[in-house]
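Number of protein chains: 2
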Amino acid sequence: MEAMNENGLDLKDIVAVLARTPASLTALLEGLPDVWVNATEGGETWSPYDVVGHLIHGERTDWIPRARHILAGESRPFDKFDRTAQFTESRGESLGELLSTFAGLRRENVAALSAMNLADEDLSRKGLHPELGEVTLGQLLATWVVHDLDHVGQIARTMAKAYAGAVGPWSAYLSILRDRE
Amino acid sequence: MEAMNENGLDLKDIVAVLARTPASLTALLEGLPDVWVNATEGGETWSPYDVVGHLIHGERTDWIPRARHILAGESRPFDKFDRTAQFTESRGESLGELLSTFAGLRRENVAALSAMNLADEDLSRKGLHPELGEVTLGQLLATWVVHDLDHVGQIARTMAKAYAGAVGPWSAYLSILRDRE
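As structure tokens, then:
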């Protein structure tokens, strides 16, 4: 996979991150006490447990289905993505089960991406997002990566805030405690 | 280790995160292409490579030395922490070497923390920070954890921004791309 489009996107850079996210999240979260796993940033914000469920739903319904949609040359927009599906789908699952499900789905999806044998010009192929309008396959794949990283950052931030008071005066140096406030 | 102080801090929650950070960072970063490892947020901001060097310097000079300083009842302030030591100390080291060094030092330091056999009341013992003034051992240990998470978040954010342009219109949904702007 040596495809690189006009944005300088390289499929091997994309796969390098996508393939690492499950192990990184498992190393960070598996077996952690509930004070971390169930922490939120307050209100309707998500816990690390919720985020893993959300990542699973993306593996099932978002990235590869949308890539196939583009490659099939569909003119209708992508199906909408359900951003809160995890609140019903994850019910009854332990965090360890969710992490394992995510890792398995991601492995299959990275294999599916590789099997597409995408060439440079494929990354410029277009699809229709139901809200954002015209997007390219390259943008979809870059978004898959950034979406992973956004949620890794969210998990770190959410866990950090569980200790917002406990750090005392050091709060002044720990800017993550003030992100998204 | 069942110590819990007035902030609700529990040493096993602290150790649970501290012990997981090296494996999580190794899973995320080891073997990644340079586009990720050397990315920064521009200007004087740090790359993932720089961050790992900074974490190493903290293991050597910050957390456990300061905990010992407090437990020894020292009245002088802590030694200052050098926030840019990694720019000389990491020179010539591969990211893989840095990750391995960090993992080894963290393992030793978690063992050193456990060997302190801290009791509830120890977490309220006080030390003098050179800039922040009076701090407690509990606050120091909570800060160690949040500092890890702050830098995990920074790495995710920095990597995400390497694809800020590549995501196209999806940028509107990826709020990590606008953090710390």
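Those sequence lines, one after another, are chains A and B. Counting from 1, one number per residue, gives the positions in the first sequence under my numbering. Counting from 1, one number per residue, gives the positions in the second sequence under my numbering. We put the beta carbon where it would ideally sit given N, CA and C, even for glycine. Quantities reported herein were computed from a predicted structural model and do not represent experimental measurements.
Looking at the C-beta of A/G58, does it have a partner C-beta in chain B at a distance below 9 Å? No, A/G58 lies away from the interface with chain B (no Cβ there is under 9 Å from its Cβ).
According to the Cβ coordinates, are A/A119 and B/L149 closer than 9 Å? no
Can you grab the Cα-Cα spacing for the pair A/A67 / B/A162, in whole Å? 22 Å
Provide the residue span of the alpha helix (DSSP H) that contains A/L141, from first to last. For A/L141, the enclosing alpha helix (DSSP H) has its first and last residue at 137-161.
Strictly below 8 Å CB to CB, what residues from chain B border A/A16? G31, L32, P33, W36
Counting pairs of Cβ atoms below 8 Å between the stretch 76-87 of chain B and the stretch 49-56 of chain B, do you hit three or more? yes
Closer than 8 Å is the cut-off here; do at least three beta carbon pairs connect the stretch 131-146 of chain A with the stretch 137-153 of chain B? The stretch 131-146 of chain A is not in contact with the stretch 137-153 of chain B.
Reduced DSSP secondary structure (H/G/I, E/B, other) of A/A3: The predicted model places A/A3 with a pLDDT of 49, which falls under 50 and marks its position as unreliable, so this point remains unresolved.
Mind checking which residues open and close the beta strand (DSSP E) that includes B/L128? 126-129
Identity of the residue in A/A112, A/S114, A/A111, A/G138 nearest A/E121 by Cα: A/G138
I'd like to know whether the C-beta atoms of B/G127 and B/E59 end up nearer to each other than 9 Å. no
Just the Cα atoms here: how many angstroms apart are A/I155 and A/N38? 11 Å
With 16 other CB atoms within 10 Å as the buried threshold, where does B/N117 fall? exposed
If you measure between the beta carbons of A/L32 and A/L95, is that distance less than 9 Å? yes
Whole beta strand (DSSP E) elements within the stretch 1-42 of chain A, 3-residue minimum: Runs found: none.
Same chain, Cβ closer than 6 Å to B/E2, neighbours up to 5 away in sequence not counted: For B/E2, the predicted model reports a pLDDT of 46, less than 50, meaning its position is unreliable; a value from the coordinates is still stated below. Answer for B/E2: no residue qualifies.
Using three-state DSSP, classify B/G104 as helix, strand or coil. helix
Contact with chain B by A/A166, beta-carbon distance below 9 Å: So, interface residue.
What is the C-beta distance between B/R157 and B/R180, in whole angstroms, given that I count them as a contact (C-beta under 8 Å)? In this structure B/R157 touches B/R180 by the C-beta definition: roughly 7 Å separates them, less than 8 Å.
Where does A/G168 fall in DSSP's three states? helix
Taking the C-alpha atoms as reference points, what is the distance between B/T61 and A/D62? Using only the alpha carbons, I get a separation of about 45 Å.
Can you name the residues that DSSP bridges to B/G73? Beta-bridge pairing links B/G73 to no other residue.
Per-residue burial, B/D34 [other beta carbons within 10 Å of its own, 16 or more giving buried]: Its Cβ having fewer than 16 others within 10 Å, B/D34 is exposed.
Of all the CB atoms in chain A, is at least one closer than 9 Å to the CB of B/R66? Among the residues facing chain A, B/R66 is not included, as its CB has no counterpart in that chain under 9 Å away.
Alpha-carbon to alpha-carbon, A/I14 and B/G165: 14 Å
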